[in-house]
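Comments concern the structure below.
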DNA sequence: TGGATATGTTTTAGGTTTAAATATTCTAAG
DNA sequence: CTTAGAATATTTAAACCTAAAACATATCCA
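Chains as they are written, first to last, in the numbering used here: chain A, 1 to 162; chain B, 1 to 162.
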């Protein structure tokens, strides 16, 4: 065993502890950014973050999405989506529509007003994130993205189940 | 304008869009891991993630913490901590104690049973995270940690407020 | 002493999951 | 073709988490 390896305390950290540290950092960063974005959405647009997420999903699909599609895309439970949509419908930002072929399903779409409001929100949102992550340049962002890419998909699907 | 610049689509992405992509990846990774950990805590130990977080904070402070200290450390609202502690007290995992000097404050401590249970949870938890992040080796973890380190602190404090 | 500050709880509104209930569609045996 | 059972889509209910604001005490300090 060589001496240099003993000198560096970081190298001495077990890998499992190092991964735990990494997880703590990811979690804290995500929560901090999320809290900041949530505050600004509430103050500037009187919308919650989950409501914004739903509108962002719908904006990409002019033909609308079913409740289950929304639930899967946003990685939240189906029962959860119901309540969020209820409130967005009350605010007239989205509408529920019955599809022609399947009477079990419900199609949710942005209203004209919903699309208009979301466009303004999305523009501001991108500016906020750009500002909050201003310390990352293009290369760093790309590296980080590559590291994180696919991680979420791997975990809840074929991921290594202990 | 040179032709090569037009050919690479990634290089053509505005930095602000790249940062938005990065944020989406961080958020999705955090949510996926968090959901997985939450499931396993519930199934194996019948504890919620916030309850686990509180116990983890208390385990580091044998003399206990006040409600406000807990609230600040965990970055959640003070009114929130009340409910979590209420349920942990019901389960006899923590106790509320009145400090001698300040009659406003309340000291919260792990019970003997709380410490014993948490020790088992923490061991399993570290194994889960180690497994979920198994694709990261020590060097990658260190690089990622350095990138994320301090980010959360900078955001909610002196961070660039738009 | 009296106003400002600090600590904790309660209330209100919304978000979240799981489990169960309801309704519809699909499938395959008869 | 019919129909029973499985699978799918959504909602509802219960329990918990969350932030913000209002509130009640208690402490500090000028």
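We treat Cβ as the ideally placed atom computed from N, Cα and C, and that holds for glycine.
Remember, it's a predicted structure, so these values are computed and weren't measured experimentally.
Cross-chain neighbours of residue i in chain B, by beta carbon under 7 Å
i: residue 149 of chain A; result: 25
i: residue 133 of chain A; result: 19, 22, 23
i: residue 145 of chain A; result: 21, 22, 25
i: residue 155 of chain A; result: 32, 33, 36, 132
Among the options, nearest to residue i - alpha-carbon criterion
i: residue 73 of chain A; options: B:14, B:20, B:31; result: B:31
i: residue 48 of chain B; options: B:55, B:56, B:38, B:57; result: B:38
i: residue 24 of chain B; options: A:20, A:13, A:29, A:24; result: A:29
i: residue 106 of chain B; options: B:67, B:134, B:85, B:83; result: B:67
i: residue 83 of chain A; options: A:50, A:144, A:132; result: A:50
i: residue 99 of chain A; options: A:122, A:64, A:14; result: A:64
i: residue 126 of chain A; options: A:20, A:15, A:56, A:81; result: A:56
i: residue 85 of chain B; options: B:69, B:42, B:40, B:108; result: B:108
i: residue 92 of chain B; options: B:101, B:70, B:116, B:76; result: B:116
i: residue 41 of chain A; options: A:77, A:122, A:71, A:13; result: A:122
i: residue 133 of chain A; options: B:138, B:88, B:151; result: B:151
i: residue 155 of chain A; options: B:131, B:139, B:140; result: B:131
i: residue 45 of chain B; options: B:129, B:118, B:140; result: B:118
i: residue 128 of chain A; options: B:13, B:20, B:14; result: B:20
i: residue 62 of chain B; options: B:71, B:103, B:94; result: B:94
i: residue 75 of chain B; options: B:54, B:88, B:90, B:59; result: B:54
i: residue 81 of chain B; options: B:70, B:89, B:90; result: B:70
Three-state secondary structure (DSSP) of residue i
i: residue 15 of chain A; result: helix
i: residue 115 of chain A; result: helix
i: residue 148 of chain A; result: helix
i: residue 155 of chain A; result: helix
i: residue 165 of chain A; result: The shown model of chain A, from 1 to 162, leaves out residue 165 of chain A, and the question about it has no answer.
i: residue 140 of chain A; result: helix
i: residue 10 of chain A; result: Residue confidence is low: residue 10 of chain A scores 46 on pLDDT, short of 50, so the model does not pin down where it sits. No coordinate-derived value is stated.
i: residue 160 of chain A; result: For residue 160 of chain A, the predicted structure reports a pLDDT of 37, less than 50, and the residue's modelled location is therefore unreliable. A value from the coordinates is still provided. DSSP places residue 160 of chain A in coil when its eight states are reduced to three.
Where residue i meets chain B, residues with beta-carbon distance less than 8 Å
i: residue 130 of chain A; result: 15, 16, 19, 20
i: residue 34 of chain A; result: 27
Partners in chain A for residue i, counting only beta-carbon separations shorter than 7 Å
i: residue 138 of chain B; result: 15, 18
Closer than 8 Å at the beta carbon, the chain A residues around residue i
i: residue 126 of chain B; result: 16, 17, 20
Check your understanding: Using 8 Å as the threshold, is the segment 21-35 of chain A in touch with the segment 105-117 of chain A, meaning 3 or more CB pairs across them?
Key -> Because the criterion of three Cβ pairs below 8 Å is not met, the segment 21-35 of chain A and the segment 105-117 of chain A do not touch.
Check your understanding: Can you list the alpha helix (DSSP H) stretches of 4 or more residues lying completely in the segment 22-103 of chain B, in chain order?
Key -> With a minimum length of 4 residues, the continuous alpha helix (DSSP H) runs that stay inside the segment 22-103 of chain B are 49-59, 67-74, 78-90.
Review point. How about the segment 125-144 of chain A and the segment 138-152 of chain B: do they share at least three Cβ pairs that are nearer than 8 Å?
Key: By the Cβ rule, the segment 125-144 of chain A counts as touching the segment 138-152 of chain B, because three or more pairs are nearer than 8 Å.
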